[in-house]
Amino acid sequence: MGFLDYFRSQQKKRTASMAKDRLQVIVARERSHRDGPDYLPALQSDILEVIRRYIEVEDDAVRIQVEREGDCEVLELNVTLPEES
Amino acid sequence: MARIVVVTSGKGGVGKTTTSAALAAGLAKAGYKTVVVDFDVGLRNLDLIMGCERRVVYDFVNVINGEANLNQALIRDKRVEGLEILPASQTRDKDALTFEGVQSVLEGLAENHDYIICDSPAGIERGAHLAMYFADDAIVVTNPEVSSVRDSDRVLGLLASKTRRAEQGDAPVAEHLVVTRYAPSRVGKGEMLSVEDICEILSIELLGVVPESNAVLNASNAGVPVILEDGTDAGQAYDDLVARYLGEARPQRFLNEKKGLLGRIFKG
Ligand SMILES: Nc1ncnc2c1ncn2[C@@H]1O[C@H](COP(=O)(O)OP(=O)(O)OP(=O)(O)O)[C@@H](O)[C@H]1O
Ligand SMILES: [Mg+2]
């Protein structure tokens, strides 16, 4: 594939599907915050800070949400660690 | 009992006022006594879209402040029987609308109207909150574009938590999605989010799709709600949407450049 062909194929990339993927991620994140207690965003950034004292991680490495299971609430915390290099 | 309907979006300029004017005119045409209220204090626009800007004497805030009564402030539409407009104030005072004031005006309007359409200002601040607070139904206007869809999702969150129905634990505000400025040819090329995508992301019921159309600008130039322009695509789309809102099953006509195909799939 020549340089120009490559360039054209990039331009033709279906941006609508990128839009959809990005929206699904951001909307899911905002909903989990919205439905949870008010302190979630602050808690999330505090946890990120603590983790960063030990490991270098991305800004979005910490995912946090509250799940309701019956009458008990579970705080779910996901930390994505960087790949070993 | 009057039904209070808020037309809202979060993001600005997506077609709330266009939709409010069309919905109100459509409901009045169907025989319901309808009033459309401009909540965009300081940025009055609905009067222009409705073509009654020269007849504004008193406004929403005058009524709240007791400087005029409702009958003095309401403007009766000259084309459609049973359609009235309550214009917004041009004041710069953002706190001119109060919860108590809005509530008492809505109660006054409810006495002799079937539908009260609230044209929300953009944003998710006080004005938008007031416009949605007392609503029974919400028309969420969205453009096929990332920031608009995201804002619509935020608005859905507010409708579910910051409204009178939510606070009092009543049945939730009924949410209806209206996608406007839709360009099927661009969707076909993969350049624009499809209605299916938007519905999937927001997971609310689709009321209607309004195509990107020159008829909207033409109608606003003339001060005519576009739904009254029978021969236009946008006018017909709004006509279908109002019929669906009133419970009639109508296929989506403007999802595809070649009419009909997707329309049939979406019928159910
Ligand atoms: N279906 C459509 N096709 C083409 N243009 C449209 C369509 N719907 C709305 N517009 C145009 O988009 C612009 C904004 O519309 P409108 O004033 O209804 O939006 P709004 O959401 O009320 O804006 P604001 O947030 O400022 O109150 C106007 O110029 C209008 O003519
Ligand atoms: Mg507007």
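Respectively, the protein sequence lines represent chains Y and E. The working numbering applies: residue 1 is where the first sequence begins, and numbers increase by one. The working numbering applies: residue 1001 is where the second sequence begins, and numbers increase by one. Each residue gets a CB set at the ideal place from its N, CA and C atoms; glycine is no exception.
Inset, instruction - Determine which residues of the stretch 1186-1210 of chain E have a Cβ less than 9 Å from any Cβ of chain Y, and write them out in chain order. - result: ARG1186, VAL1187, LYS1189, GLY1190, GLU1191, MET1192, LEU1193, SER1194, ASP1197, ILE1198, GLU1200, ILE1201 and LEU1202
Inset, instruction - Please say whether E:PHE1039 and E:LEU948 have beta carbons closer to each other than 9 Å? - result: Outside the shown range of chain E (1001 to 1268) lies residue 948 of chain E, about which nothing can therefore be said.
Inset, instruction - Classify E:LEU1255 as helix, strand or coil using the three-state DSSP reduction. - result: Translated into the one-based positions of the second sequence, residue 1255 of chain E becomes position 255. It is coil, neither helix nor strand.
Inset, instruction - Kindly say whether E:GLU1212, judged by its beta-carbon, lies nearer than 9 Å to any beta-carbon of chain Y. - result: Taking the first residue of the second sequence as position 1, residue 1212 of chain E is located at position 212. Not closer than 9 Å to any Cβ of chain Y, the Cβ of E:GLU1212 fails to qualify, so no.
Inset, instruction - Label E:ARG1217 either buried or exposed according to how many other C-beta atoms from any shown protein chain fall within 10 Å of its C-beta, with 16 as the threshold for buried. - result: As a position in the second sequence, residue 1217 of chain E is number 217, starting the count at 1. Residue identity check: residue 1217 of chain E is Leu in the sequence provided, not Arg. When all chains shown are included, E:LEU1217 counts as exposed.
Legend entry - Proximal chain E residues relative to Y:ARG29, where beta-carbon distance stays under 8 Å: Taking the first residue of the first sequence as 1, we reach residue 29 of chain Y at position 29. In chain order: nothing, as chain E lies at least about 11 Å away.
Legend entry - Contact under 9 Å by Cβ, E:VAL1007 with E:LEU1023: Numbered from its first residue, the second sequence carries residue 1007 of chain E at position 7. Numbered from its first residue, the second sequence carries residue 1023 of chain E at position 23. By the CB criterion at 9 Å, E:VAL1007 and E:LEU1023 fall inside the cutoff.
Legend entry - Buried versus exposed, by CB contacts within 10 Å (16 or more), Y:PRO82: Here residue 82 of chain Y corresponds to residue number 82 of the first sequence, with the count starting at 1. Exposed.
Legend entry - Which of helix, strand or coil DSSP assigns to E:ILE1124: Here the question's residue 1124 of chain E lines up with position 124 in the second sequence. For E:ILE1124, the three-state secondary structure derived from DSSP is coil.
Inset, instruction - Measuring only between beta-carbons, confirm whether Y:ALA16 sits less than 9 Å from chain E. - result: To locate residue 16 of chain Y, count along the first sequence from 1; it is residue 16. The beta-carbon of Y:ALA16 is placed less than 9 Å from the nearest beta-carbon of chain E.
Legend entry - Within 9 Å, strictly: CB atoms of E:ALA1237 and E:VAL1210: Counting from one through the second sequence, the residue named residue 1237 of chain E turns up at place 237. Counting from one through the second sequence, the residue named residue 1210 of chain E turns up at place 210. The answer is yes: Cβ separation under 9 Å.
Inset, instruction - Using a Cβ-Cβ cut-off of 9 Å, state whether Y:ILE26 counts as contacting chain E. - result: In the first sequence, counting from the first residue as 1, residue 26 of chain Y sits at position 26. Judged by the 9 Å Cβ criterion, Y:ILE26 is in contact with chain E.
Legend entry - Exposure of E:MET1050, with buried meaning 16 or more beta-carbon neighbours within 10 Å: Residue mapping note: residue 1050 of chain E aligns to position 50 of the second sequence, counting from 1. So E:MET1050 counts as buried.
Inset, instruction - Would you check if there are 3 or more beta carbon pairs closer than 8 Å linking the stretch 1240-1257 of chain E to the stretch 1076-1086 of chain E? - result: No, the stretch 1240-1257 of chain E is not in contact with the stretch 1076-1086 of chain E.
Legend entry - Nearest candidate by alpha-carbon position, reference Y:ASN78, set Y:ASP71, Y:LEU43 and Y:ALA19: The sequence position of residue 78 of chain Y within the first sequence is 78, counting from 1. Ranking the options by Cα distance to Y:ASN78, first place goes to Y:LEU43.
Legend entry - Any 3 or more C-beta pairs closer than 8 Å across the stretch 1029-1038 of chain E and the stretch 1145-1157 of chain E: no
Legend entry - Distance between E:ARG1055 and E:GLY1260 (C-alpha atoms, nearest Å): Within the second sequence, the letter at position 260 stands for residue 1260 of chain E. Within the second sequence, the letter at position 55 stands for residue 1055 of chain E. Low local confidence applies: a pLDDT of 48 at E:GLY1260 is under 50, so the model's placement there is unreliable, and no value is given.
Inset, instruction - Using a Cβ-Cβ cut-off of less than 7 Å, list which residues of the stretch 1014-1046 of chain E approach chain Y; keep chain order. - result: none
Inset, instruction - Find the residues of chain E that neighbour Y:LEU23, judging by a C-beta separation of less than 7 Å, and give them in chain order. - result: Taking the first residue of the first sequence as 1, we reach residue 23 of chain Y at position 23. Residues of chain E passing the Cβ test: VAL1146, VAL1149, ARG1150 and ILE1201.
Inset, instruction - Alpha carbon to alpha carbon, how far is E:THR1034 from E:ALA1002? Give it in angstroms, no decimals. - result: Numbered from 1 along the second sequence, position 2 holds the residue referred to as residue 1002 of chain E. Numbered from 1 along the second sequence, position 34 holds the residue referred to as residue 1034 of chain E. As the crow flies, the alpha-carbon of E:ALA1002 is around 9 Å from that of E:THR1034.
Inset, instruction - Would you mind sorting E:TYR1245 into buried or exposed? The rule is 16 or more other CB atoms within 10 Å of its CB. - result: Residue numbering aside, residue 1245 of chain E sits at position 245 when the second sequence is read from its first letter. With 16 or more other CB atoms across the displayed protein chains lying within 10 angstroms of its CB, E:TYR1245 is buried.
Legend entry - 9 Å Cβ cutoff met for E:THR1091 and E:VAL1061: In the second sequence, counting from the first residue as 1, residue 1091 of chain E sits at position 91. In the second sequence, counting from the first residue as 1, residue 1061 of chain E sits at position 61. Cβ distance < 9 Å, so E:THR1091 and E:VAL1061 count as in contact.
Inset, instruction - Determine the extent of the beta strand (DSSP E) in which E:GLY1208 is found, giving its start and end residues. - result: Position 208 of the second sequence, counting from 1, holds the residue named residue 1208 of chain E. First-last of the beta strand (DSSP E) with E:GLY1208: 1206-1211.
Legend entry - Where E:ASP1233 falls: helix, strand or coil (DSSP): Here residue 1233 of chain E refers to the residue found at position 233 when the second sequence is read from its first residue. Here E:ASP1233 sits in helix by DSSP.
Legend entry - Any non-hydrogen atom of ligand 3 closer than 8 Å to E:ASN1045 Cβ: Ligands displayed in this structure: ligand 1 and ligand 2; ligand 3 is not among them.
Legend entry - Per-residue DSSP class, three states only, for E:ASN1065: Reading the second sequence from its first residue, position 65 is the one you call residue 1065 of chain E. Residue state for E:ASN1065 is assigned as coil, using DSSP reduced to three classes.
Legend entry - Below-9 Å beta-carbon distance, Y:ALA19 vs any chain E residue: Against the first sequence, residue 19 of chain Y aligns to sequence position 19. So, interface residue.
Inset, instruction - Label E:GLY1171 either buried or exposed according to how many other C-beta atoms from any shown protein chain fall within 10 Å of its C-beta, with 16 as the threshold for buried. - result: Taking the first residue of the second sequence as position 1, residue 1171 of chain E is located at position 171. Residue 1171 of chain E is actually Ala in this sequence, not Gly. Burial call: exposed.
Legend entry - Any non-hydrogen atom of ligand 1 closer than 8 Å to E:ASP1119 Cβ: Taking the second sequence and counting its residues from 1, one reaches residue 1119 of chain E at position 119. Yes, the Cβ of E:ASP1119 comes within 8 Å of a heavy atom of ligand 1.
Legend entry - Y:ILE55 (DSSP reduced to helix, strand or coil): Indexing the first sequence from 1 puts residue 55 of chain Y at position 55. In this structure, Y:ILE55 counts as coil in the three-state DSSP scheme.
Inset, instruction - Note down the Cα distance separating Y:ARG22 from E:ALA1183, rounded to an integer number of angstroms. - result: Against the first sequence, residue 22 of chain Y aligns to sequence position 22. Against the second sequence, residue 1183 of chain E aligns to sequence position 183. Roughly 21 Å separates the two Cα atoms.
Legend entry - Best match in E:GLY1157, E:GLY1188, E:ARG1165 and E:GLY1190 for proximity to E:SER1203 [C-alpha to C-alpha]: As a first step, residue 1203 of chain E is located in the second sequence; it is residue number 203 there, counting from the start. Ranking E:GLY1157, E:GLY1188, E:ARG1165 and E:GLY1190 by Cα distance to E:SER1203 puts E:GLY1157 first.
Inset, instruction - Quick one: give me the first and last residue of the beta strand (DSSP E) that Y:CYS72 is part of. - result: Reading the first sequence from its first residue, position 72 is the one you call residue 72 of chain Y. Note, Y:CYS72: beta strand (DSSP E), 72-79.
Inset, instruction - For chain E, find out if any of its Cβ atoms is closer than 9 Å to the Cβ of Y:ARG68; answer yes or no. - result: As a working note, residue 68 of chain Y is residue 68 in the first sequence. Y:ARG68 does not count as touching chain E.
Legend entry - Proximity below 9 Å, CB of E:ASP1240 to CB of E:ALA1215: Residue numbering aside, residue 1240 of chain E sits at position 240 when the second sequence is read from its first letter. Residue numbering aside, residue 1215 of chain E sits at position 215 when the second sequence is read from its first letter. The answer is no: Cβ separation not under 9 Å.
Inset, instruction - Check whether the Cβ of Y:ALA42 sits closer than 8 Å to any heavy atom of ligand 1, and report yes or no. - result: For the purposes of this step, residue 42 of chain Y is identified with residue 42 of the first sequence, where counting begins at 1. Answer for Y:ALA42: no, Cβ out of range of ligand 1.
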